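J.:
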Amino acid sequence: MKKFSILCIAFFASSYFAHAQTESMAAKVAATAMATLWKEPVGGDTAKPTKWTYDQGVVLLGIERLWIQTANPIYFSYMQKSMDYFVSENGDIKFYKAQDYNIDNILCGRILLTLYNVTGQAKYYKAASLLRDQLKGQPRTKEGGFWHKKVYPYQMWLDGLYMGQPFYTAYAKQFHEPEAFDDIANQFIWMEAHARDTKTGLLYHGWDESKEQKWANPLTGCSPHFWGRAMGWYEMALVDVLENFPVTHPKHDTLVSILKRRANAIKKLQDPSTGLWHDILNSPKEKEPRIVVSASAMFVYANAKAVRLGFLPASYWAVSKKGYDGILKQFIDTNKEGYANLKGALSEDPNGVGVFIQAANEMEWHLVPKLGKNKVFLLDDYYNAEKKKDIKGVEYAYHYKWPEMYNNGFSFLGNIITTNGLQTKTLSQAPTAGNLKNASIYMIVDADNIADNPAPNYMNDRDAQEIYNWVKAGGVLVLFHNDKPNADFTAINKLSDLFGIHFNEDTYNKVIGINYLGGKIDVPAGHQILKNVQTIYQKEVCSITVKAPAKSVLTKGDLVVFATAKIGKGTVFATGDPWLYNEYTDGRMLPAMYQNAEAAKDVVKWLISQIPGKK
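Heads up, the working numbering is the position in the sequence shown plus 55, with the first residue counted as 1.
1) On a CA-only basis, which of D334, T309, G612 is nearest G407? Give me that one, please.
2) Please report the straight-line C-alpha distance between W378 and G476, rounded to a whole angstrom.
3) Would A605 and I556 be called neighbours here (beta carbons separated by less than 8 Å)?
4) Applying the criterion that 16 or more other CB atoms from any shown protein chain within 10 Å of the CB defines a buried residue, is H536 buried or exposed?
5) Determine the extent of the beta strand (DSSP E) in which H557 is found, giving its start and end residues.
6) Within the stretch 400-479, note down every full beta strand (DSSP E) run reaching 3 residues or more, in order along the chain.
7) Looking at the ligand SAH, does it come within less than 7 Å of Q124, judged from the CB to the closest heavy atom?
8) Leaving aside the five residues before and after A415 along the sequence, list all residues of the same chain whose C-beta is less than 6 Å from its C-beta, in chain order.
9) I believe K83 touches T389 by the beta-carbon criterion, under 8 Å. Please report the beta-carbon distance rounded to the nearest angstrom.
10) Whole angstroms is fine: what's the gap from Y156's alpha carbon to V206's?
11) Roughly how far, in whole angstroms, is the beta-carbon of F300 from the beta-carbon of W332, given that I think they are within contact range, below 8 Å?
12) Please list, in chain order, all residues of the same chain as Y171 whose beta carbon is under 6 Å from its beta carbon, the five residues on each side excluded.
13) Using the C-alpha atoms, what's the distance from G612 back to L434?
14) Report the start-end ranges of each alpha helix (DSSP H) in the stretch 610-669 that is 4 residues or longer and not cut off at the edges.
15) Looking only at its chain, what residues have a beta carbon closer than 8 Å to the beta carbon of L364, apart from the 5 residues adjacent to it on each side?
16) Per DSSP, what are the beta-bridge partners of M498 in this structure?
17) Anyone know if the C-beta pair for V40 and V113 falls short of 8 Å?
18) My assumption, with CB atoms under 8 Å, is that D188 sits in contact with A153. Please give the rounded CB distance.
19) Whole angstroms is fine: what's the gap from G215's alpha carbon to I158's?
20) What does the alpha-carbon distance come out to for the pair D632 and Q650?
21) Expressed to the nearest angstrom, what Euclidean distance is found between the alpha-carbon atoms of D657 and I584?
22) Taking Cβ to Cβ, would you say D166 is nearer than 8 Å to M138?
23) Alpha carbons only, please: which of K602, Y394, V500 is nearest the one belonging to Y453?
24) Please classify D561: is it buried, with 16 or more other beta-carbons within 10 angstroms of its beta-carbon, or exposed?
25) Helix or strand or just coil, what does DSSP make of V142?
26) On the three-state DSSP scale, how would you describe A90?
Have a look at this one:
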């Protein structure tokens, strides 16, 4: 991997990014990057990147997370158009040469997987599979470690772990390659075994199995220095891999232990005055004064994300906070239009830019108050138990599921829930006192009818009573139903009727084509649940009839849109549409007048406030 020439990003005024003034720091830097790096492919007839390269992927990973956190469609559009410049309709990748066996070329595969999961377009799967095929043929050391490039024989670099392994992990998880996880774990294990310095706990940048390179120690094969950015790549790789690595795999805990050892070693080298890290990590300040924004941002990102995912103790948040504050103080410059620049002659572009966006995203996630900390939001997968086959013919659960990024998934809602501190879990069995015990919120969506599922699990009196008892004891029940052709009514009303809520077998808010006005629902000012919303969208909805103890809390004309009920210590919230699924919360479909994404935030906060002991 070459070190990019120094470049300070020029400010670029554009009305298209006028929102940057009021956005987060991640968004401000992203706006600058999108307007200047590779001449912003969103704009149309502009210059494009000339090669398939990892550095663009680093930026796009930051853009992807921004889209997930904000539901701003400009981010998805930028990702898609950036990749569409390279990917043909048959899945070929322009400028990509598999025979080079350059592991740097793998990184953008992560964006391809996202595009496939969101759009369902086969071209992205085919392109990602080309990269997976490269890994199958990648030259290896005698043990099995990936060479960094074909032209770098017998060499493993720390950088290569980030370039290849997170994609390899995500692909293996999604497309049913359980045998790959042992191979993935071994890449980290072997790298640590060969490149670790026992005195500092740091890893040398590279290791040459042959010991023939000029830079290689003749005894160990290691390179001479502990390069900050290389260590950063390795730490980021560990965290991103662990995000998708099966917790039941026998080498999962080994990877966590490696992460903890590296994090501890890096923590000791944080500059006490700036909170940042030097280019050569263990060199005395007077000999190696360079502070590198990319390396510092990498450590900020890796620590913050590892804390978020539970792989590092909460104390490491302070390490990230000190580092992030140092970057903001020393490297960030903001102009009057709101554009932010990574200033200074030592800012690496675009690596530093992309990594900073990722780091800022993580920091901003942590700064959101965790109102539902340690509480569980449980999603039903029993009454709504639809299945379909993936591109490889393997059956999987779909339709209103947490991990599902396609239109009908709840990945955006799930992100809002976890951002507020709750855990998202799924219940694939009939509810009982035992399996509801640890849940604070339980949501049933679009209960199956025979058209959805040839063998539906219908609500029965016993299940309804179990749920009722749980609510009475303090549980918060969410019922997102559907209109008459698309859901069961007779059985689900056995449950809802217990709370004075009855779903009617009708359909209103019919929408023909793109006549989005048909789904419009106005929200009165000062609404008790939707405090920051004026207009929402629900398409083809069943109405609700309420009686005590239930009450109507949102209407459209004479029709009840939202109903709530208080039973004992618990609460019920009901509406006649699954309306917070991705299609209507990810920003790509609905006109800007509809505020379903903001409504999702309001609903989640209100649900948390209904948990006994929460305000």
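Just so it is clear, CB atoms sit at the ideal spot from N, CA and C, and this is done for glycine as well.
These numbers were taken from a predicted model, which means no experiment stands behind them.
T.: So, to answer that:
1) D334
2) Checking the sequence, you will find Gly at residue 378 rather than Trp. Their backbone Cα atoms lie some 23 Å apart in a straight line.
3) yes
4) Label assigned to H536: buried.
5) Counting along the chain, H557 sits inside the beta strand (DSSP E) bounded by residues 556-558.
6) 431-435, 442-444, 450-452, all fully within the stretch 400-479.
7) Summarising the ligand content, the structure contains no ligands, and the ligand SAH is consequently not present.
8) M80, A81
9) Confirmed, about 7 Å.
10) 8 Å
11) No, F300 and W332 are not in contact; Cβ-Cβ is about 26 Å, not under 8 Å.
12) Y179, Y180
13) Spanning the two alpha carbons is a distance of roughly 31 Å.
14) Counting only runs of 4 or more, we get 651-665.
15) Excluding sequence neighbours, L364 sits near V294, L297, E298.
16) L434, V533
17) Given a span of 56 to 670 for the chain in the structure shown, any question on residue 40 remains unanswerable.
18) 7 Å
19) Taking the straight line joining both Cα atoms gives about 6 Å.
20) 15 Å
21) 6 Å
22) The residue you asked about is not Asp; residue 166 is Ile in the sequence shown. Closer than 8 Å, so yes.
23) V500
24) exposed
25) It is a strand residue.
26) Of the three classes helix, strand and coil, the one that applies to A90 here is helix, per DSSP.
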